[in-house]
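First to last, the protein sequences are chains X and F.
Per this note's numbering, the very first residue in the first sequence carries number 1; after that it's consecutive.
Per this note's numbering, the very first residue in the second sequence carries number 1001; after that it's consecutive.
There are 2 protein chains.
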Amino acid sequence: MTGTPAETRSVVVEREISHSPEKLWRALTQPHLMEEWLMKNDFKPDVGHRFNLRGDWGGVLDCEVLAVEPHKTLSYTWDFKHDDPAYDMKSVVTFTLTPTATGTHLRVEQAGFRPDQKQALGGANAGWRQFLEKLDQVLARED
Amino acid sequence: MTGTPAETRSVVVEREISHSPEKLWRALTQPHLMEEWLMKNDFKPDVGHRFNLRGDWGGVLDCEVLAVEPHKTLSYTWDFKHDDPAYDMKSVVTFTLTPTATGTHLRVEQAGFRPDQKQALGGANAGWRQFLEKLDQVLARED
């Protein structure tokens, strides 16, 4: 990692999931399930693996797996290149799973927004809420 | 326009809308309504106006208005720059509105997919179906 300026901001979304960490982990790491709640992808749970997330409208994110601790932690870069600095983004998404009495506490953090990227920060906040809603549906269906 | 190879492909989606062309036109051209069914944007219905469509997850499309004929035709470029040619895209979206006895026939065409962009073509097909579903909801609510 290059030196990240101290002033970057994060989006953090937390959810109580009524499914085991093992089941949630599968939805977070199996490409065909990730496609259903996140985006089309060529993900592999291997540190250093580079992959893309592809939106249906043509947009593409460049990603690299940074950390994999099965059923506990998954982290990858979430980068978007654009000529306009307002849209150019280097960020890191980290999923942290903690078992609870009723299932799993899921914490999602997207870190790396610069202070001039308030719009992107707000968008990511809305985006993660939508992704996690769809994740919930995938988990419910997989029962 | 530069010479487009003859073999490019298009996505075409058509819908019978139970609202007038005037009302549909507002949803297609007013930024706050476009944001609800399409993406955040700085659109203006002026030929030559350059704007961006911004997804909640950080992706951005570069667009330019090509044609505006109120209540009839709207056309703009829908470009995505990427180092990988499989993802790099130059396309044109055209909305054509035809009044009917019960409302409006809407035709949406996204043209310019190269033969090696089958994945993008399939994604766009799914994407437009989702966008038009949300457009229907916006129109129903605006009654």
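Think of the CB as a built atom: it goes at the ideal place given N, C-alpha and C, for glycine as much as any other residue.
Cβ closer than 8 Å: which chain F residues qualify as neighbours of residue i?
i: residue 163/X; result: With chain X represented from 1 up to 143, any question about residue 163/X goes unanswered, as that position is not in the structure.
What is the residue span of the alpha helix (DSSP H) that residue i lies within?
i: residue 1136/F; result: 1118-1141
i: residue 1089/F; result: Per DSSP, residue 1089/F belongs to no alpha helix (DSSP H); it is in the beta strand (DSSP E), 1089-1099.
i: residue 1026/F; result: 1021-1029
List, in chain order, every chain X residue whose beta-carbon is nearer than 9 Å to that of residue i.
i: residue 1078/F; result: 57 and 58
Among the options, whose alpha-carbon lies nearest the alpha-carbon of residue i?
i: residue 1096/F; options: 1110/F, 1102/F and 1086/F; result: 1110/F
i: residue 1016/F; options: 1088/F, 1108/F and 1082/F; result: 1108/F
i: residue 81/X; options: 1062/F, 1073/F and 1122/F; result: 1062/F
i: residue 78/X; options: 98/X, 57/X and 124/X; result: 124/X
i: residue 23/X; options: 120/X, 34/X and 14/X; result: 34/X
i: residue 1043/F; options: 1058/F, 1008/F and 1067/F; result: 1067/F
i: residue 104/X; options: 20/X, 86/X, 127/X and 126/X; result: 20/X
i: residue 1106/F; options: 1122/F, 1114/F, 1073/F and 1127/F; result: 1073/F
i: residue 94/X; options: 100/X, 87/X, 101/X and 65/X; result: 65/X
i: residue 1132/F; options: 1143/F, 1036/F, 1099/F and 1090/F; result: 1036/F
i: residue 13/X; options: 71/X, 127/X and 88/X; result: 127/X
i: residue 1119/F; options: 40/X, 138/X and 11/X; result: 40/X
i: residue 136/X; options: 8/X, 9/X, 38/X and 11/X; result: 38/X
Kindly list, in the order they appear in chain F, the residues whose Cβ is closer than 7 Å to that of residue i.
i: residue 120/X; result: 1058
Using a cut-off of 8 Å between C-beta atoms, extract the partners of residue i located in chain X.
i: residue 1040/F; result: 119 and 123
Between residue i and chain F, is any beta-carbon pair separated by less than 8 Å?
i: residue 61/X; result: yes
i: residue 34/X; result: no
Does the beta carbon of residue i come closer than 8 Å to any beta carbon on chain X?
i: residue 1082/F; result: yes
Is it buried or exposed, residue i, if we count other Cβ atoms within 10 angstroms and call 16 or more buried?
i: residue 75/X; result: buried
i: residue 1117/F; result: buried
i: residue 1134/F; result: exposed
i: residue 84/X; result: exposed
i: residue 55/X; result: buried
i: residue 1140/F; result: exposed
i: residue 48/X; result: exposed
i: residue 201/X; result: In the structure displayed, chain X extends from 1 to 143; residue 201/X sits before or after that span and is not available.
i: residue 27/X; result: buried
i: residue 1129/F; result: exposed
Go to residue i, then tell me how far its beta strand (DSSP E) extends in each direction, as first and last residue.
i: residue 1074/F; result: 1073-1080
i: residue 1010/F; result: 1009-1017
i: residue 66/X; result: 60-69
i: residue 1112/F; result: 1104-1113
i: residue 38/X; result: Segment: none, residue 38/X is in no beta strand (DSSP E) and carries neither H nor E.
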